[in-house]
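*Asks:* I am attaching a structure below and will ask some questions about it afterwards.
Protein chains: 2
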Amino acid sequence: MGRWEPDAGGRLARAALELYAERGYEQTTVAEIAQRAGVTERTFFRHYADKREVLFGASDEMYEVLASAVGAAPPAATPLRALTAGLVALAGIFAEQHEHARQRQAVIAANASLRERELTKLAAMATALADALRRRGVADPAATLAAEAGIATFKVGFELWLAGPEEADVTQVVREALDELGGVFARG
Amino acid sequence: MGRWEPDAGGRLARAALELYAERGYEQTTVAEIAQRAGVTERTFFRHYADKREVLFGASDEMYEVLASAVGAAPPAATPLRALTAGLVALAGIFAEQHEHARQRQAVIAANASLRERELTKLAAMATALADALRRRGVADPAATLAAEAGIATFKVGFELWLAGPEEADVTQVVREALDELGGVFARG
DNA sequence: GCGACTGATGTCAGTCAGTGTCATCAACGT
DNA sequence: ACGTTGATGACACTGACTGACATCAGTCGC
């Protein structure tokens, strides 16, 4: 057994989400989060670069899921199909987590600087997606454009899913959003 | 004559860009910006909400140009054409400002929190664009999707323009980026 | 003219996010 | 035993940002 309770990072993340939801992001101090997690303020900053980052710990996993799904698409698949496979896999992470995702998103939506950080994470995902497409041989600027548009579409689809019933299939909602965007460009 | 030198906001904006370019965003304190502009630190925060915002003062004008150009497109124009008109008008703001835009973009690119703020501004532009499309009768989610994809495309086009020669036509580069994205979806 | 009012600024004290540095001490390997 | 490692605590410090109140040129009504 260690000298301290294990999983300080996890405890901090849970404490932060709770407090942000209870009293709001700005009304919560890092000292309070640390106290609820049973560590000092200094330890908070050893686990998370700043007060916002504590809500986005799972991002790295998401980049990997996205990139590997794009890479795993059949070699003959078109860029659009590979992109779709990636976004569907990404959406899969959230399946069965409708309620948790909704609470987290509500916290983020309630604060400008958290929304700002979320945009940064989405932009990083677009970069990861563009890289994965280039690895498949898609040239620029098509790769970058497709990635940016794809992530934007994911965002829209994800929000639709959150706003809808719990039974809805995230992956299906994302597929439909991509089809819809295809329609805008196909019909001119 | 007033009690103080006029245009404190403009002086602060110029001082900030200079200092951020000279020594970097993080190495510049608000007190230094205020001093160069001949005001106190408190006055800086009366003109700009935070240390980042001082670089983005022109954003409101951009939302208006974008929205009114979309609204001014012929009633019979397709959503894609109206969207294109809006983005081309937006790009027009930067014409003849290649060098200034490049310096500003270099400052932003050099710092994570400035990039973060820029993403927020782009997201606000996507919202303004989606609103303008809806006012033309474009339904959701197509309006939101087209707006998100359109702004993402603008971003890509704008960066291509900045990276290219000064003589290049911003509006033309943006048109080409939109065509390219159309190709991705048309060819599937 | 003159007093009330306005608006931009200065002054000052305070909170809190984030960082650098050194000390502590269980666990682990040798 | 003994040195090393790694996560944490303790503590001082900088700088972004806020709230409250004071100041005073210009303006307006009379």
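For the record, the sequence lines run as chains A and B. So the first sequence is numbered by our numbering: it starts at 7 and just counts up by one. So the second sequence is numbered by our numbering: it starts at 7 and just counts up by one. Note that beta-carbon positions come from the ideal geometry of N, C-alpha and C, so glycine has one too.
Out of curiosity, what's the CA-to-CA distance linking A169(B) and E59(B)?
*Replies:* Distance between the alpha carbons of A169(B) and E59(B): 24 Å.
*Asks:* Does V176(B) have its Cβ less than 9 Å from a Cβ in chain A?
*Replies:* No, because no Cβ of chain A sits closer than 9 Å to the Cβ of V176(B).
*Asks:* Quick one: any contact between the segment 84 to 92 of chain B and the segment 127 to 139 of chain B, if contact means 3 or more CB pairs under 8 Å?
*Replies:* Yes: the two stretches touch, three or more of their Cβ pairs being nearer than 8 Å.
*Asks:* Which same chain residues end up closer than 7 Å to K127(A) when comparing Cβ atoms and leaving out the 5 residues on each side of it in sequence?
*Replies:* Within the same chain, K127(A) has close Cβ partners F62 and S65.
*Asks:* For R121(A), which residues from the same chain have a beta carbon less than 8 Å from its beta carbon, with the 5 sequence-adjacent residues on both sides left out?
*Replies:* These residues qualify, in order along the chain: I114 and A115.
*Asks:* Tell me which same chain residues have a C-beta within less than 6 Å of the C-beta of V176(A), skipping the five on either side of it?
*Replies:* So the list reads A97, F100, A101 and W167, once near-sequence residues are dropped.
*Asks:* Give me the chain B residues within the contact set of K57(A), using Cβ-Cβ distance strictly less than 9 Å, ordered along the chain.
*Replies:* Ordered by position in chain B, no residue passes the 9 Å Cβ test against K57(A), which lies about 13 Å from the chain.
*Asks:* Between L125(A) and chain B, is there a C-beta pair that is closer than 9 Å?
*Replies:* It does: the Cβ of L125(A) has a partner Cβ on chain B nearer than 9 Å.
*Asks:* Could you name the residues of chain B that V162(A) contacts, counting a contact when the two beta carbons are closer than 8 Å?
*Replies:* Within 8 Å Cβ-Cβ: P147, T150, L151 and E154.
*Asks:* Jot down the residue ranges of each uninterrupted alpha helix (DSSP H) in the segment 41 to 95 of chain B, minimum 4 residues, whole runs only, in chain order.
*Replies:* DSSP runs (the alpha helix (DSSP H)) wholly in the segment 41 to 95 of chain B: 47 to 53 and 65 to 78.
*Asks:* In angstroms, rounded to a whole number, what distance separates the CA positions of E105(B) and Y26(B)?
*Replies:* When rounded, the distance between both Cα atoms is 16 Å.
*Asks:* What whole-angstrom Cβ distance do R20(A) and V94(A) have, given they're in contact under 8 Å?
*Replies:* 29 Å between Cβ atoms; not a contact.
*Asks:* Among the residues of its own chain, which have a CB less than 7 Å from the CB of V162(A), if the five just before and after it don't count?
*Replies:* Contacts found: A183.
*Asks:* Taking any Cβ of chain A, which residues in the segment 76 to 103 of chain B have a Cβ under 7 Å from it, in chain order?
*Replies:* Residues T84, P85 and L86.
*Asks:* When the Cβ atoms of the segment 26 to 36 of chain B are set against those of the segment 8 to 17 of chain B, are three or more pairs found closer than 8 Å?
*Replies:* Cβ pair count under 8 Å is below three, so no.
*Asks:* Using only CA atoms, which one of E173(B), R110(B) and D13(B) lies nearest to V45(B)?
*Replies:* With distances taken between Cα atoms, V45(B) lies closest to D13(B).
*Asks:* So what does DSSP say about Q33(A), is it helix, strand or coil?
*Replies:* It is coil, neither helix nor strand.
*Asks:* Residues of chain B with CB under 7 Å from V60(A), in chain order?
*Replies:* Here the premise fails: no neighbours, minimum Cβ distance about 16 Å.
*Asks:* Under the rule that 16 or more other beta-carbon atoms within 10 Å means buried, what is A192(A), buried or exposed?
*Replies:* Classification for A192(A): exposed.
*Asks:* For the candidate residues E172(A), L18(A) and R108(A), whose alpha-carbon lies nearest to that of Y54(A)?
*Replies:* For Y54(A), the nearest C-alpha among the options comes from L18(A).
*Asks:* Just list the alpha helix (DSSP H) runs in the segment 109 to 143 of chain A, keeping only unbroken ones of 4 residues or longer that don't cross its boundaries, in chain order.
*Replies:* For the segment 109 to 143 of chain A, whole alpha helix (DSSP H) runs of length 4 or above, ordered along the chain, are 118 to 141.
*Asks:* If I'm right that I157(A) touches L187(A) with Cβ under 8 Å, what's the distance once you round it to whole angstroms?
*Replies:* Going by Cβ atoms, the distance from I157(A) to L187(A) rounds to 12 Å, so no, they are not a contact pair.
*Asks:* Give me, in chain order, the residues of the same chain whose beta-carbon lies closer than 8 Å to that of S119(A); leave out the 5 immediate sequence neighbours on both sides.
*Replies:* Excluding sequence neighbours, S119(A) sits near Y31 and R58.
*Asks:* By the three-class DSSP mapping on this structure, what secondary structure does A155(A) have?
*Replies:* Here A155(A) sits in helix by DSSP.
*Asks:* Count the other CB atoms within 10 Å of the CB of R110(A); is the residue buried (16 or more) or exposed (fewer)?
*Replies:* Counting Cβ neighbours within 10 Å, R110(A) comes out buried, since at least 16 surround it.
*Asks:* With H, G and I counted as helix, E and B as strand and the rest as coil, what does DSSP make of A183(A)?
*Replies:* If DSSP states are grouped into helix, strand and coil, A183(A) belongs with the helices.
*Asks:* Under 8 Å: does the beta carbon of L61(A) sit that close to some heavy atom of the ligand FAD?
*Replies:* Within the structure as shown, the ligand FAD is missing, as the structure has no ligands at all.
*Asks:* Take R52(A) as the anchor and find which of G15(A), I39(A) and A79(A) has the nearest alpha-carbon.
*Replies:* The candidate whose alpha carbon is nearest that of R52(A) is G15(A).
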